[in-house]
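To start, the structure under review is shown below, and the notes come after it.
Numbering (the numbering used here), first residue to last: 1097 to 1248.
Written as structure tokens, this is what we have:
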């Protein structure tokens, strides 16, 4: 591979990507593609198992007497809904990773600056999604700990 320069920044004395940098990005792209495909397969399994679980709970619920049957069936539907929402939530970072790998491959092959920028934008979005998610989760932990301390 020949040198792949970031022309806009280089004119201002900025960065340039050499053969080794492109090699690293190309290898990273292969791993992100692998991980994104595994993630999509995993999401498909979650949705499939959610549907199976809801169906099984509905069938088991019909065997229970009276209101217990309705409760069993509705709980199965609730769990299936939660799993599907979780899969939908997990789809976005996996999608960003998949888009990074596709666009990085094209950028390396075509030596296209715009595709490189789009690929890196998707990688940024992938990590931004996880960063915001961690902030939210840690906030819930902090609220839970503070609540526990206040109540005891």
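Using N, Cα and C, we set each Cβ at its ideal position, and we do this for glycine too. For clarity, every value in this text was computed on a predicted model and none was experimentally measured.
Residue i to residue j span [Cα, whole Å]
| i | j | result |
| --- | --- | --- |
| residue 1193 | residue 1184 | 15 Å |
| residue 1131 | residue 1219 | 13 Å |
| residue 1147 | residue 1208 | 43 Å |
| residue 1153 | residue 1173 | 8 Å |
| residue 1205 | residue 1198 | 11 Å |
| residue 1180 | residue 1142 | 7 Å |
| residue 1052 | residue 1176 | As shown, the chain starts at 1097 and ends at 1248. That puts residue 1052 outside it, with no answer to give. |
Reference residue i; option with closest CA among the options
| i | options | result |
| --- | --- | --- |
| residue 1123 | 1196, 1153, 1177 and 1188 | 1196 |
| residue 1212 | 1200, 1144, 1220 and 1190 | 1200 |
| residue 1191 | 1222, 1172 and 1156 | 1222 |
| residue 1137 | 1186, 1198 and 1117 | 1186 |
| residue 1178 | 1228, 1188, 1127 and 1145 | 1145 |
Opening and closing residue of the alpha helix (DSSP H) in which residue i lies
| i | result |
| --- | --- |
| residue 1210 | 1209-1247 |
Chain-order list of residues whose beta-carbon lies under 7 Å from that of residue i (same chain, five-residue window excluded)
| i | result |
| --- | --- |
| residue 1203 | 1211, 1212 and 1215 |
Own chain partners of residue i with C-beta closer than 6 Å, once the 5 adjacent residues on each side are dropped
| i | result |
| --- | --- |
| residue 1129 | 1197 |
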